[in-house]
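Enquirer: Protein sequences appear in the order of chains P and Z. In terms of this note's numbering, the first sequence has 317 at position 317, counting the first letter as 1, and numbering is strictly consecutive. All you need for this note's numbering is the position in the second sequence, starting with 1, plus 758. We treat Cβ as the ideally placed atom computed from N, Cα and C, and that holds for glycine.
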Amino acid sequence: MSRAGRITRRVFLGTAGAAAAGLAVGYYFYRRPFPNPLEARAADGEAVFSPFVKIAADGPITIIVPRAEMGQGVTTTLAALVAEELDVRLDQIAVEHGPAASAYANIGMLQDAVPFPRFDDSAMVEMLRSGMGIVGKFLAIQGTGGSSSAIDAFERMRHAGALAREALKAEAARRWNVEASGLTTASAAVTNPATGEELSYAELAVDAASVAYSGEPGLRPASEWKLLGRAQPRLDIEAKSTGAPIFGIDVDLPDMVYGTVRMNPALGGRMRGFDAAAAEAMPGVLKIVEIDTHLGHGVGIIARSTWHAFRAAEAVAIEWEEAPAALDDAAVWERLEQAVSGNDGSTFRDDGDVDTAFADAPRERIVEAEYRVPFLAHATLEPMNATARFRDGNLHVWAPNQAPTLLRMACAREAGIDQDRCTIHTTSLGGGFGRRLETDYAVYATRLAMEAGGRPVKVTWTREEDTTHDTYRPAAIGRFKARLGADGLPQALDMKIASPSIIASMLPRLYPSLSAMGADAAIVDGSYNQPYTIPDYRVAGIKADIGLPLGFWRSVGNSYNGFFHEAFMDEVATAGGVDPVELRRRLMANYPTALGVVEKVAEMADWSGETAPNRAKGFAFATSFGSWVAEIVEVSEDSGRIRVENIWVAADVGTALDPGIVEAQLMSGALFGLSAAMFEEINFDAGRAVQTNFHDYEPLRIHQSPKVEIAILQAAAKMGGVGEVGTPPAAPALANAIFALTGERIRRLPLAREVVFA
Amino acid sequence: MFSIYGAKPYLKAHEMRLTVNGKAIRIDAEPEMPLLWALRDLAGIKGPKFGCGIAACGACTVLVDGAAVRSCVLPVGQVDGEVTTIEGIGSSEALHPVQQAWIDEQVAQCGYCQAGQIMSAVALLNEIPAPSDEEIDRAMGGNLCRCATYPRIRAAIKRASDTSAET
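(1) Could you tell me which residues DSSP pairs with residue 648(P) in its beta bridges?
(2) Does the CB of residue 810(Z) have a neighbour CB from chain P at under 8 Å?
(3) Cβ of residue 324(P) within 8 Å of Cβ of residue 273(P)?
(4) Just grab the DSSP bridge partners of residue 536(P) for me.
(5) Determine the contact status of residue 289(P) and residue 318(P), defining contact as a CB-CB distance below 8 Å.
(6) Taking only beta-carbon atoms, is residue 252(P) less than 8 Å away from chain Z?
(7) The segment 700-729 of chain P: which residues have C-beta closer than 8 Å to a C-beta of chain Z, in chain order?
(8) Taking C-beta pairs closer than 7 Å, name the residues in chain P that residue 947(Z) reaches, listed in chain order.
(9) Identify the continuous beta strand (DSSP E) that holds residue 825(Z) and give its terminal residues.
(10) Mind checking if residue 836(Z) is an interface residue toward chain P, Cβ cutoff 8 Å exclusive?
(11) Give the interface partners of residue 780(Z) over in chain P, defined as CB-CB distance under 9 Å, in chain order.
(12) Can you list, in chain order, the stretches of the alpha helix (DSSP H) that have 4 or more residues and sit fully within the segment 873-916 of chain Z?
(13) Is the segment 460-472 of chain P touching the segment 544-554 of chain P, taking contact as three or more C-beta pairs under 8 Å?
(14) Using the three-state DSSP reduction, which class does residue 362(P) fall into: helix, strand or coil?
(15) Could you give the DSSP three-state label for residue 52(P): helix, strand or coil?
(16) Along the chain, where does the beta strand (DSSP E) containing residue 411(P) start, and where does it finish?
(17) What residues from chain Z crowd round residue 536(P), counting only those whose CB sits closer than 8 Å?
(18) Any idea if residue 732(P) is buried or exposed, counting beta-carbon neighbours within 10 angstroms, 16 or more meaning buried?
(19) What number of angstroms, rounded off, separates the C-alpha of residue 759(Z) from the C-alpha of residue 281(P)?
(20) Would a C-beta distance cut-off of 8 Å place residue 373(P) and residue 442(P) closer than the cut-off?
(21) Starting from residue 584(P), follow the alpha helix (DSSP H) in both directions and report where the run begins and ends.
(22) Nearest-angstrom Cα distance between residue 291(P) and residue 415(P)?
(23) Do the CB positions of residue 49(P) and residue 167(P) come within less than 8 Å of each other?
(24) Mapping DSSP to helix, strand and coil, what is residue 702(P)?
(25) Going by the CB atoms, is the gap between residue 485(P) and residue 577(P) shorter than 8 Å?
(26) So is residue 667(P) buried or exposed if we call it buried at 16+ other beta carbons inside 10 Å?
(27) Count the other C-beta atoms from every protein chain shown that fall within 10 angstroms of the C-beta of residue 572(P), then say buried if there are 16 or more, exposed otherwise.
(28) Counting pairs of beta carbons, one from the segment 831-844 of chain Z and one from the segment 224-231 of chain P, are three or more of them closer than 8 Å?
(29) Going by beta-carbon coordinates alone, are residue 719(P) and residue 626(P) separated by less than 8 Å?
(30) Helix, strand or coil, according to DSSP, for residue 807(Z) in the structure here?
(31) Cutting at 7 Å between CB atoms, please list the residues of its own chain near residue 335(P), excluding the five before and the five after it.
(32) Given that residue 695(P) touches chain Z, what residues does it touch there, using C-beta distances under 7 Å?
(33) Select from the segment 375-403 of chain P all residues with a C-beta closer than 8 Å to any C-beta belonging to chain Z, and list them in chain order.
(34) Alpha carbon to alpha carbon, how far is residue 734(P) from residue 558(P)? Give it in angstroms, no decimals.
(35) Residues of chain P with a CB under 7 Å from the CB of residue 817(Z): which are they?
(36) Residue 266(P) and residue 669(P): beta carbons closer than 8 Å?
What follows is the structure in structure tokens.
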């Protein structure tokens with residue numbers, strides 16, 4: 001183990017004995033029972049301090065950020081967590097994504113796996129949550145999702161920095177024969193203030209990683225932070241401003257060939273047969289292979305260039321089977337209507353006595369409405385792609401992905417090899433939004449690599465293939481009923497939401513033998529867990545099976561429940577003659593954090609002030625992923641065209657580790673929500689997605705994008721997520737603004753079905 | 759052998775000369791191969807990105823004789839000018855003022871569209887050194903950003919415009 005120049009912490013464990021080891025790396029033994037994946041991979045002269053920190057004798061300090069960088073700035077923020085305690089500047093470090101490993105499992109991602117609001121911190125709910133932590137360790141999924149990366153990393157990555165710093169100080173103390181406690185650290189060096197002597201981390205690293213450090217460093221309080229809490233220049237900004245080849249689609253390997261896939265557009269349908277003779281005879285085509293997996297059926301093309309592969313894919317004559325469900329929009333809506341009309345389903349919130357409250361309600365005090373949202377595509381700008389090489393029984397997969405351990409499992413299974421023979425290389429992602437939690441693109445690349453004679457093959461989907469083979473944000477119906485009290489406030493609220501279950505769709509894709517049973521809180525996420533105090537308040541979710549592939553889409557259930565809940569609240573306010581912001585002040589009085597963002601956004605938008613002619617504002621609130629967000633949208637009308645002029649966002653995220661990145665994420669999340677609310681919709685015909693490319697699935701463009709103003713608050717007791725939380729309130733704030741302007745209540749998205757946007 | 763786009767024989771691959779980023783390069787390709795793929799897969803120039811293949815997203819934007827062009831729909835055989843990709847306007851050591859503005863405003867999130875955005879902005883500012891909001895909208899409307907970094911793109915174009923006005 002103690003090979004010269006390959007020093008790892010395990011050397012120390014072996015030499016110093018178990019008792020000291022328990023102290024030295026106690027944190028990892030307690031919190032991280034997984035092996036350190038860096039130990040086996042450490043290069044000569046590299047000192048590995050933890051799964052997150054390695055320092056080379058010749059200088060480079062590497063921080064492992066084992067989360068997908070898909071724009072949310074996680075590379076910068078998570079590296080800053082380590083750097084803050086390690087006492088290195090961000091310009092002194094290199095960041096690597098690192099290997100797929102259980103040590104990098106995202107436990108925080110499962111926080112919402114218990115069906116209680118995030119702000120519920122009662123003993124019982126906390127106990128259930130810690131139970132989910134154990135489940136998380138058991139599943140050990142290394143994933144990026146649920147706006148959880150910073151929350152999950154907050155303690156353990158700072159701890160990794162502190163541990164390495166103390167080990168380096170201990171080594172310096174040994175060399176100088178002084179007490180470590182008297183030494184200081186800054187800019188990757190240890191200094192003895194008494195003598196002015198200085199040793200760089202590089203000089204100390206190899207010995208430091210092998211010498212016993214027997215302390216348990218505490219973490220610095222926020223008041224002592226130098227990096228955290230301040231906007232840092234993004235570590236990826238230069239690469240992304242100079243066109244550097246950092247994305248999956250840019251992977252370039254010696255002897256590489258190119259490929260694409262053409263899968264049955266009738267989703268879930270098999271392939272009856274195909275004739276590749278003409279396509280195989282085309283110039284630049286190397287091979288055409290059948291793809292027959294539980295994820296999809298079709299053909300793959302291996303060619304001299306991506307374009308040759310695209311061209312040949314169209315030339316293959318294929319006889320497709322129909323989709324098993326072969327649904328069109330009408331059939332989908334019929335199933336959702338049936339589901340929402342029935343008495344099945346699970347109640348996720350049931351305060352007071354809703355049935356009694358409605359039983360004796362006078363007709364004129366009741367408000368009723370039905371809301372609908374369509375299927376959505378993720379439409380990441382970088383189409384699905386992966387590069388794979390299968391040689392000598394070993395599989396390497398390079399892919400922009402959000403779940404490396406899931407990719408490793410799925411690709412190894414496709415190749416028929418053990419997982420330890422499969423290496424996943426995670427690149428930068430040209431957008432994720434949940435789509436890259438799936439494995440299909442990597443599994444198909446694996447299949448093509450098995451046929452490529454040991455050469456690496458980069459498999460890129462066309463935009464058409466990407467749009468028509470997504471795992472879609474499900475359609476949903478909500479039926480809502482409120483009983484108004486004499487004061488105009490809702491006395492009772494009854495909400496029923498029907499939608500297909502995402503997890504029930506996803507689980508068999510990952511584990512073909514499993515099916516998800518039971519209730520799915522995601523269906524009502526964003527409706528059942530909002531901080532309103534209403535005496536009789538019931539929220540039920542009904543699973544409706546439709547047999548189309550569904551997936552996690554930025555903010556998941558909150559993406560439509562935000563619209564349902566807050567657009568209906570606006571209707572309730574209107575019916576009761578109460579100002580929408582005033583309604584929240586009264587109903588959220590028990591939740592000061594919620595009130596804080598409501599008041600802040602009202603002030604930013606001058607809610608109570610005069611509104612210009614032909615303009616109007618709409619308000620919405622949503623707490624999701626532990627953060628509290630209120631948004632106001634202002635619209636104008638000119639010659640029958642609606643323009644979205646402004647959006648104000650006030651968000652309480654508890655702790656903003658990097659306010660610049662938090663602001664960027666809130667802006668992106670809000671505009672992503674507006675984009676879907678205004679324009680986006682996937683329709684189905686015979687189980688096939690109708691839309692194929694950006695001409696008929698057209699997201700928000702710059703001329704439609706409003707001015708954005710963001711306020712970040714930090715009053716909440718717990719740190720919340722930021723990547724998704726801007727999305728849920730955007731659609732209702734816009735729909736409510738359009739109502740305020742036109743008097744037309746649009747209860748179905750996208751809004752462009754009913755209005756023309758400038 | 760007939761093209762699926764019509765009953766015409768394939769044009770054979772042959773050697774073509776292009777000037778890309780000031781350098782003469784030779785490419786062995788069918789003339790109908792889009793410039794994007796000739797650059798990416800044959801010449802190894804990865805700055806221009808593939809997003810849609812139908813000139814609807816702008817990720818593939820390059821300059822041909824200074825004008826912004828969607829390289830995903832331009833047959834390489836029809837290129838009759840000097841091609842400039844993002845690799846040709848600046849580097850980490852010598853950033854183009856537009857790239858510097860992009861960094862100063864911290865525009866990029868996922869970053870996938872940004873090479874195309876920057877090339878469209880370079881073409882815009884070459885033509886209109888101090889564009890109005892409407893001129894920015896018109897010039898940049900063909901470049902999608904799924905992270906919706908539009909507010910910072912606007913700010914960066916204005917910053918670059920101010921910078922060039924001062925020099």
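Expert: For this structure:
(1) Looking at the DSSP assignment, residue 648(P) forms a beta bridge with 632(P) and 709(P).
(2) By the rule that beta-carbons nearer than 8 Å mark a contact, residue 810(Z) touches chain P.
(3) With a cutoff of 8 Å on beta-carbon distance, residue 324(P) and residue 273(P) are scored as not near each other.
(4) According to DSSP, residue 536(P) bridges with 492(P).
(5) Cβ distance not < 8 Å, so residue 289(P) and residue 318(P) don't count as in contact.
(6) Yes, residue 252(P) lies at the interface with chain Z (some Cβ there is under 8 Å from its Cβ).
(7) Those residues of the segment 700-729 of chain P that come within reach of chain Z (Cβ to Cβ, closer than 8 Å) are 700, 701, 702, 703, 705, 707 and 708.
(8) With chain Z running from 759 to 925 in the structure shown, residue 947(Z) is simply not present.
(9) Here the beta strand (DSSP E) through residue 825(Z) covers 825-828.
(10) No, because no Cβ of chain P sits closer than 8 Å to the Cβ of residue 836(Z).
(11) Neighbours of residue 780(Z) in chain P, taken as residues whose beta carbon is under 9 Å from its own, are absent, since the nearest beta carbon is some 16 Å off.
(12) Taking only runs of at least 4 residues, the alpha helix (DSSP H) segments lying wholly in the segment 873-916 of chain Z are 891-898.
(13) Pairwise C-beta distances place the segment 460-472 of chain P in contact with the segment 544-554 of chain P, as three or more of them are shorter than 8 Å.
(14) It is coil, neither helix nor strand.
(15) Three-state DSSP puts residue 52(P) in coil, outside helix and strand.
(16) Careful: residue 411(P) lies outside any beta strand (DSSP E), inside the alpha helix (DSSP H) at 404-415.
(17) Neighbours of residue 536(P) on chain Z: none; closest Cβ ~39 Å, over 8 Å.
(18) Buried, since its Cβ has 16 or more Cβ neighbours within 10 Å.
(19) Residue placement at residue 759(Z) is poorly supported in this model, since its pLDDT is 35, which falls under 50; the coordinates are not used for a value here.
(20) Their beta carbons are not under 8 Å apart, which means residue 373(P) does not touch residue 442(P) by this criterion.
(21) Per DSSP, residue 584(P) belongs to the alpha helix (DSSP H) from 580-587.
(22) In a straight line, the C-alpha of residue 291(P) is about 13 Å away from that of residue 415(P).
(23) Going by C-beta atoms, residue 49(P) is nearer than 8 Å to residue 167(P).
(24) Note: residue 702(P) maps to helix in three-state DSSP.
(25) With respect to the 8 Å criterion, residue 577(P) and residue 485(P) are not classified as neighbours on the basis of their beta carbons.
(26) Buried is the label assigned to residue 667(P), since at least 16 other Cβ atoms lie within 10 Å of its Cβ.
(27) It counts as buried.
(28) These segments do not touch.
(29) Yes, Cβ-Cβ distance for residue 719(P) and residue 626(P) is below 8 Å.
(30) Residue 807(Z) falls in the coil class under three-state DSSP.
(31) The answer, listed in chain order, is 544 and 546.
(32) Chain order gives the chain Z residues near residue 695(P) as 812 and 814, where near means a beta carbon separation below 7 Å.
(33) Result list: 379, 380, 381, 382 and 383.
(34) Cα to Cα, the separation comes out at about 16 Å.
(35) Per Cβ cutoff of 7 Å: 381.
(36) No, these two residues do not count as a Cβ contact at 8 Å.
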